[in-house]
Amino acid sequence: SIKNIKIDEYSVKIDSKETDLRIEEIAKNQNNFEEKKDNEKAIKGDLVAFDYKATIDEKDFTGGEGKNTKIVLGKDLFIKNFDKQLFGVKKHEGRTVDVVLPDNYPQKEFVNKKAKFVCKILEVKKPIDTKINDEFAKSLGAKDLKDLKVLISKQINDQYKNSLNILTKNQILKQIENFKVEEIPENLVEQEVNILLKDMKEDEIKKNKKDFEERAKRRIKVGLILNEFGTQNNIKIEETEIQEEINK
């Protein structure tokens, strides 16, 4: 009987240490920098801002000019092997960088071409630790640090509750699958299979149809039992709600 379904009960209690740890992780991921002295060289982790003018075979090309471009040295996110050639630069210096334009370069005619970038260094900044205080909290949309802790604690709590809801739902569905129902009409199975196979290629359909028939029967059975549960408990359950629960 559906009344005999058993589920484990869980409660969520968030430790203040967990909240503090999450806030520390957020702070660590904040990219804050402060300007280095003019005579200090750029090292790994520093942010370098520069203008550049690039050429291929000493000729200008589309996309070959940039202003106030910023990269963090060591991440190699601009053009492959570009940023390592900026190690050691200082503010106001010039630096020429030679690279091969990547496969994903927007102008396809320049892909894999050797390009020369003449760069003018505008500023060099070093990373600094983010201070966890009221100002930091305000930058994240909270009133102050105390308010941020409340918001983060609630966020963690909601994440745990969502995970536990999924766990509980899976427990219920697992037990429902063991219930016996009368033979499921073939036309219902066929309809459900068609929904599952929608947008699949023909060879995939042939290979997986049997598996999808079993899945379709399970989905229909769960839907029928949930519908019966609603009837027994005077709860109106819309078809769309049943499908949403099955598909989660």
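Here the sequence shown is numbered in the UniProt record's numbering, starting from 1 and rising by one per residue.
Yeah, the Cβ is synthetic: ideal placement off N, Cα and C, and Gly gets one too.
Please read these numbers as outputs of a predicted model, since none were measured by experiment.
- As far as DSSP is concerned, Pro106 takes part in no beta bridge.
- Where Thr55 is concerned, the enclosing beta strand (DSSP E) starts and stops at 47–56.
- Within a 10 Å sphere around the beta-carbon of Ile166 sit fewer than 16 other beta-carbons, which makes this residue exposed.
- In the three-state scheme derived from DSSP, where H, G and I count as helix and E and B as strand, Val111 is classed as coil.
- Taking 9 Å as the cut-off, the beta carbon of Ile128 is found no closer than this to the beta carbon of Val89.
- For Glu34, there is no enclosing alpha helix (DSSP H); the residue is found in the beta strand (DSSP E) stretching over 33–35.
- With respect to the C-alpha of Phe117, the residue from Lys70, Glu65, Ala142 having the closest C-alpha is Glu65.
- Gln30 and Thr130 have their C-alpha atoms spaced approximately 7 Å apart.
- Look at Phe117 here: in three-state DSSP terms it is strand.
- For the 9 Å CB-CB criterion, Leu86 and Val99 do not form a contact.
- In this model, Asp134 and Glu202 are separated by some 59 Å (Cα to Cα).
- With a beta-carbon spacing of about 6 Å, Lys125 and Glu34 fall inside the 8 Å limit used to define contacts.
- Put simply, the backbone Cα of Asp15 is about 23 Å away from that of Gly141.
- With contacts defined by Cβ atoms closer than 9 Å, Lys108 and Ile56 do not form a contacting pair.
- Around Lys53, the same chain offers Glu65, Val118 as residues with beta carbons nearer than 6 Å, after the five sequence neighbours per side are excluded.
- Residue pairing by DSSP places Lys217 in no beta bridge whatsoever.
- C-alpha of Phe61 to C-alpha of Asp144: approximately 50 Å in a straight line.
- Sorting Asp103, Lys217, Leu148, Asp76 by C-alpha distance to the C-alpha of Ile23 places Leu148 at the top.
- Counted as a single uninterrupted DSSP element, the alpha helix (DSSP H) harbouring Lys17 occupies residues 16–28.
- In the three-state reduction of the DSSP assignment, Leu164 falls in the helix class.
- Beyond the five residues adjoining it in sequence on each side, Gly45 comes within less than 8 Å, by CB distance, of Val72, Leu73, Gly74, Lys126, Pro127 in the same chain, given in chain order.
- For the pair Lys70 and Asp51, the CB atoms are not nearer than the 9 Å cut-off.
- Only residues of its own chain outside the window of five on either side were considered, and among them Pro106, Gln107 have a CB closer than 7 Å to the CB of Gly63, listed in chain order.
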